[in-house]
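This note's numbering applies: residue 590 is where the sequence shown begins, and numbers increase by one.
Positions of the beta carbon are idealized from the N, C-alpha and C atoms, including for glycine.
See structure below.
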Amino acid sequence: MEYQENKAILVGICLGGDRIEEIERSLEELERLLDTAGGVCVAKMIQNMDKCNPRTLLGSGRVQELSALCQMNNVELVVFDEELSPSQIRNLEEDLGGDIRVIDRSVLILDIFALHAVSREGKLQVELAQLKYTAPRLTGKGKDLSRLGGGIGTRGPGESKLESDRRHMKHRIVALEEELRVLDKNRRTMRASRDRSGIPKIAIVGYTNAGKSTLLNALTDAGILAEDKLFATLDPTTRKFELPSGESVLLTDTVGFIRKLPHHLVEAFKSTLDEAKYADLLMIVVDISDAEAPSQLEVTEQLLGELGASGKPTLYVLNKCDLGAAVNLSMGKEAAHTHTVPVSAKTGQGLDLLLATMQEMLGAGKRRVVFQIPNSEGGALNTLYQLATVESVEYGEDGMTVCAIVDKKVHGMLKKYDSAWQEPSEE
């Protein structure tokens, strides 16, 4: 659902061990999420407490204050920055009264994903995440959604609407999971085809709104929608790109990360997020002009670790350098080897250095090899032209002598033509 023209109040919880500055920054990000969904923030409330009230999360006095604030500003939507349980949502809506709806950060993010999903796979992934999150939170008001009683005189026409809705959701979840399994199988087939092609794969990852889509557009004219909104791009886009050396690479733009990303959303988008896991090189895009860049980078690297994509060769792209650096970053603790390049994807500043660095990093581990290929096996020469840099070819009566710069993968494919190569000792 789009919260267009909806006025909302945002609520954060500051427990004893929390820093109020962090809660305020999280609420600022929540306000940007609300803006992306089409809503307007009219007020923010922060509850300071030692421990949460299990019934409503807030204290009773704060709930009354929130109710009065909603009535005063004609607000019908309250968004909590914390995840709410089904009973907490029900209790809050009952205590606030009227037609006030209560949602949490996760529901807001899921709705934004629903707004921006374009491809069939993306829409299915979002629907699955929404159903898995909302099914246990499905509640009803009034007798029409309550469970029918048991015993003589209380038997009704069948299951209640609430039970029917839950049963329908369960069947729909099963159907969606099956459809996504088929699409995931197709994606794995495409990924295997790319692996066989030997073309290096680069995944562009980073916090939402860091400029990933703008960067891919600047490099490849991909024509992806790039807006100053959170989660403007959801569906991964892959483009073939030629480096200055003439080597082809595959660049993939991925969905952005954010704090408190709903678990069901990560699960649903796992097949597309795996583009980072199987990449040869990670390009982590950071909005260096944002004062929150350090914490955003921390969230990005933490999620990459959860996806099993940490430790890869990593190129940190410090984007929006034309706006000035707001902070200093500490990077590269987990990656195999790293480089850092400041750029402005919008103006083109630093893109030449970025390309040169990409080329250098992909060239690491490559070596010059002389292959002796029989004339009858010209397909091996074609493979070298496709997957390596061929420096020279000499044709003789018995075959071809080819000097090429290859990586370990290509050398493994054609090692039988390398006269200098020997099987490693088993000792």
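Bounds of the beta strand (DSSP E) holding T990 are 988-995. Secondary structure at S674: coil, using DSSP grouped into helix, strand and coil. The beta-carbon separation of Q719 and A703, rounded to 7 Å, stays under the 8 Å limit for a contact. Rounded to the nearest whole angstrom, the CA to CA distance from K1004 to I962 is 11 Å. Setting aside the 5 residues that flank it on each side, E864 is surrounded in the same chain by A792, P825, T841, T843, each with a C-beta closer than 6 Å to its C-beta; the list follows chain order.
Cβ-Cβ distances below 6 Å link R957 to I994 in the same chain, with the five nearest sequence neighbours on each side left out; the list follows chain order. Counting only the Cα atoms, S782 lies some 15 Å from M1002. The C-beta distance from T723 to N680 rounds to 17 Å, too long to fall under 8 Å, and the pair is not in contact. The residue among M872, L943, T990 with its C-alpha nearest the C-alpha of S1008 is T990. In this structure, the beta-carbon distance from E710 to D693 does not fall below 8 Å. Note: Q891 is not bridge-paired with any residue in the DSSP secondary-structure output. Spanning the alpha carbons of L854 and G952 requires a straight line of approximately 36 Å. Approximately 3 Å separates the beta-carbon atoms of T797 and G845; this is inside 8 Å, confirming the contact. Among the bridge pairs identified by DSSP, L666 is matched with A597, R690. Close CB contacts of L713 within its chain, under the 6 Å cut and outside five residues either way in sequence, are with L765, E768, L769 (chain order).
Under the three-state reduction of DSSP, G968 is assigned to helix. Exclusion of the five residues before and after L697 leaves L622, L623, A626, V668 as the residues of its chain whose Cβ lies within less than 7 Å of its Cβ. Contact annotation: the stretch 827-837 does not touch the stretch 874-883, with fewer than three C-beta pairs closer than 8 Å.
Around the beta-carbon of Q891, fewer than 16 other beta-carbon atoms lie within 10 Å, marking it exposed.
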